[in-house]
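Participant: Can you keep this structure in mind? I'll have questions shortly.
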Amino acid sequence: MLSLRAVPRRMAALGPHAISAASVALCLFLTVLAVKTPWAPLPRPVIAAAGLAGTGAVWFQGRWPVAVTVAGAGAYVLSGNPGPLLISLFSGAGRRFPALAAIGMAGFLAQQWVDGGRLGTDALISAATATGVTLVAGAYATTRRELTRSLRERAERAEAEQRLRNEQARSAERGRIAREMHDVLAHKVTLISLHAGGLEVNASAGPERIEREAALIRVSAQEALEELRKILGVLRAGPSDDDDGFPDLRRLVDSWRSAGGTVTLHGDIGTWPWETARAAHRLVQEGLTNAHKHAHGAPVTVTTTGSREDGVTIAVTNGPSLQPSLETGAGVGLVGLAERFRLIGGTVRGGPDDAGGWRLEGRLPWHATDASPGESRDQDTAG
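Numbering (the numbering used here), first residue to last: -13 to 369.
Laid out in structure tokens, this is it:
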């Protein structure tokens, strides 16, 4: 069974129409009692008519609080039924407090004058007490209801904002995963394509050459699978002790040379912060992959410079294409690369150079690591 304190909360949860219906039912019950007892010295038909009029007016308490209170006061004077007056005072206390106080006082005093034929100090105190208690209780209930509604709206907004933040975080994570997948697959698949193309062009090569190229294809495929397996872990956990020398620019360049590409590495490659070295590795991967796609056969030069004072600069430059372009790209890789650099304070730009080739250049700040002494996260980009 519901407790008495739980009844108002359950009624409020049903909405204003349910509250109005319950109020009308209560006033109708009190009107029946007022006619049977009777509660007023007037004829029963007058008591019944006044009570019914006041009861019907209660239905409109939310729309016209002052007019309903006047009707309730008149019904109380003529029928002796205080229900419509008390309910209208209680429900409208939060909006028309002074006007309702005056109407309530007038209604209680008029009823006592009709009932007793005179007014005294006791009648005044009684009317003021009944009016004041009803209005204060109504104002408290209204304030509490408004506060509850405000807190509910704030909670709903907070939940909506949290859902939006969660969706944005999921979208950002999907974007990061997509960039990593693009970097790994584009680079490794292009290497496999280079090795396979070498076998196709040199079909009459000796068994040693074929065996070597097949081994390189197998190793590239295994490395691609291994990197794909570690993508999610690397994204969330950052660098770890089992990164097996990644990122390694010299190894990256050597893999392209072994596949038949003409790649030259210039610059001072030393120990860089992990985030910077990783971004530089991705830029060189993207530059070599794009050079193979759009300038197949052209020589490629990778130049790196870096210091704590000036930051790090990585440039991948290829000469004019010696063969027709193998394919056209959608530019997604460069967009993802630019976003990767932007997140760590760097910039990326690409465009044709004076020699008729293409230059992809990235600049990065020299990030300080958060590792404690003796546990530096800096890595040698040369492996």
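From the three backbone atoms N, C-alpha and C, an ideal C-beta is built for every residue, glycine too.
Does the count of Cβ pairs from the segment 31 to 45 and the segment 93 to 107 closer than 8 Å reach three?
Facilitator: no
Participant: Please list the terminal residues of the continuous beta strand (DSSP E) segment that includes Gly40.
Facilitator: Per DSSP, Gly40 lies in no beta strand (DSSP E); the unbroken alpha helix (DSSP H) holding it starts and ends at Arg30 to Val44.
Participant: Note down the Cα distance separating Ala79 from Gly331, rounded to an integer number of angstroms.
Facilitator: 59 Å
Participant: Go to Ile300, then tell me how far its beta strand (DSSP E) extends in each direction, as first and last residue.
Facilitator: Where Ile300 is concerned, the enclosing beta strand (DSSP E) stretches over Gly297 to Asn304.
Participant: Short check: CB of Leu350 to CB of Phe327, under 8 Å?
Facilitator: yes
Participant: Within the continuous beta strand (DSSP E) that includes Arg349, where are the two ends?
Facilitator: Trp344 to Leu350
Participant: Hey, could you find the ends of the beta strand (DSSP E) His278 is sitting in?
Facilitator: No beta strand (DSSP E) holds His278; the alpha helix (DSSP H) holding it covers Trp260 to His280.
Participant: Do you know whose CA, among Gln47, Ala20 and Lys22, lies nearest Ala7's CA?
Facilitator: Gln47
Participant: If you draw a straight line from the C-alpha of Arg198 to the C-alpha of Arg204, how long is it?
Facilitator: Annotation: Arg198 to Arg204 spans about 10 Å, alpha carbon to alpha carbon.
Participant: Provide the residue span of the alpha helix (DSSP H) that contains Ser241, from first to last.
Facilitator: First-last of the alpha helix (DSSP H) with Ser241: Leu235 to Ser244.
Participant: Quick check on Val286: buried or exposed, where buried means 16 or more other Cβ atoms within 10 Å of its Cβ?
Facilitator: buried
Participant: Could you check if Thr41 is buried or exposed, using at least 16 other CB atoms within 10 Å of its CB as the buried criterion?
Facilitator: buried
Participant: Helix, strand or coil for Ser293? Go by DSSP, reduced to three states.
Facilitator: Under the three-state reduction of DSSP, Ser293 is assigned to strand.
Participant: Please report the residue range of the beta strand (DSSP E) in which Gly331 lies.
Facilitator: Looking at the DSSP string, Gly331 is not in any beta strand (DSSP E), and its letter there is neither H nor E.
Participant: Quick one, which of Gln98, Val119, Glu142 and Leu211 has its alpha-carbon nearest Leu64's?
Facilitator: Gln98
Participant: What's the call for Phe76, buried or exposed, on a 16-neighbour Cβ count within 10 Å?
Facilitator: buried
Participant: According to DSSP, His252 sits in a beta bridge with which residue or residues?
Facilitator: Thr289
Participant: Along the chain, where does the alpha helix (DSSP H) that runs through Phe101 open and close?
Facilitator: Reading off the sequence, residue 101 comes out as Asp, not Phe. In the DSSP annotation of this structure, the continuous segment of the alpha helix (DSSP H) that includes Asp101 starts and ends at Phe83 to Gly102.
Participant: Below 7 Å CB to CB, which residues in the same chain sit around Thr176 once its five sequence neighbours on both sides are set aside?
Facilitator: Thr275 and His278
Participant: Could you check which residue in Lys174, Asp101, Leu180 and Thr333 has the C-alpha nearest to that of Thr405?
Facilitator: As shown, the chain starts at -13 and ends at 369. That puts residue 405 outside it, with no answer to give.
Participant: List the DSSP bridge partners of Gly69.
Facilitator: According to DSSP, Gly69 bridges with nothing at all.
Participant: Which residues share a DSSP beta bridge with Pro338?
Facilitator: Partner residues in the beta bridge of Pro338, as assigned by DSSP, are Trp344.
Participant: If we count the other Cβ atoms within 10 Å of its Cβ and call it buried at 16 or more, is Ile111 buried or exposed?
Facilitator: exposed
Participant: Using the C-alpha atoms, what's the distance from Trp258 back to Thr290?
Facilitator: 12 Å
Participant: Expressed to the nearest angstrom, what Euclidean distance is found between the alpha-carbon atoms of Ser226 and Ala263?
Facilitator: Per-residue confidence for Ser226 stands at a pLDDT of 46, beneath the threshold of 50, marking its modelled position as unreliable; the derived number appears in the next sentence. Cα to Cα, the separation comes out at about 14 Å.
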